[in-house]
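**Student:**
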Amino acid sequence: MKKWYAEEYAFEIEVISFLRGSRTERYCRNGEEIGDRYTCTYGCPVNGEGQGICSKVMMMLFPIMEAVRSGGDLENIGGVRKDCKEVVCPDGCVVFRLTAKKLGNENFYKGKFFD
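In this note's numbering, the protein residues as written are 37 to 151.
Encoded structure:
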């Protein structure tokens, strides 16, 4: 892979709680644990061990990340701040906190980085 574009935002996704129970075994198929952290810019989030985030929760996170990239305010969709929103996984097991960080790079579309 040859990443050629310096993204405008970085994202951190942290596991902050379980809706029920207190452990991951027999609860979360991906093995998410409270305190797990994932990071990404445009690609899929990975943790410090190189393991990817649950594909089901990624389906929920991607549109939220696109809203941020488009200049959106996450408070308008229930976020705790403009750059932060909590999301429950589709299985109703794990609560994640998505936080966006502006990197200061030019927007992909406004910068006309595409042909």
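All C-beta atoms in this analysis are idealised placements derived from N, C-alpha and C, irrespective of residue type, glycine included.
For Arg56, does the three-state DSSP call read helix, strand or coil?
**Tutor:** Against the sequence shown, residue 56 aligns to sequence position 20. Coil.
**Student:** Classify Glu50 as helix, strand or coil using the three-state DSSP reduction.
**Tutor:** As a working note, residue 50 is residue 14 in the sequence shown. Looking at Glu50 - three-state DSSP - the assignment turns out to be strand.
**Student:** Would you mind sorting Pro81 into buried or exposed? The rule is 16 or more other CB atoms within 10 Å of its CB.
**Tutor:** Taking the first residue of the sequence shown as position 1, residue 81 is located at position 45. So Pro81 counts as buried.
**Student:** Between the region 83-102 and the region 119-127, can you find at least three pairs of beta-carbon atoms closer than 8 Å?
**Tutor:** yes
**Student:** For Met96, which option in Gly107, Gly86, Asn83, Ile113 has the closest C-alpha, if you only look at C-alpha atoms?
**Tutor:** For the purposes of this step, residue 96 is taken as the residue at position 60 of the sequence shown. The shortest Cα separation from Met96 among Gly107, Gly86, Asn83, Ile113 belongs to Ile113.
**Student:** How should Glu44 be labelled, buried or exposed, when 16 other C-beta atoms within 10 angstroms of its C-beta is the threshold for buried?
**Tutor:** Position 8 of the sequence shown holds residue 44. By the C-beta density criterion, Glu44 is buried, having at least 16 other C-beta atoms within 10 angstroms.
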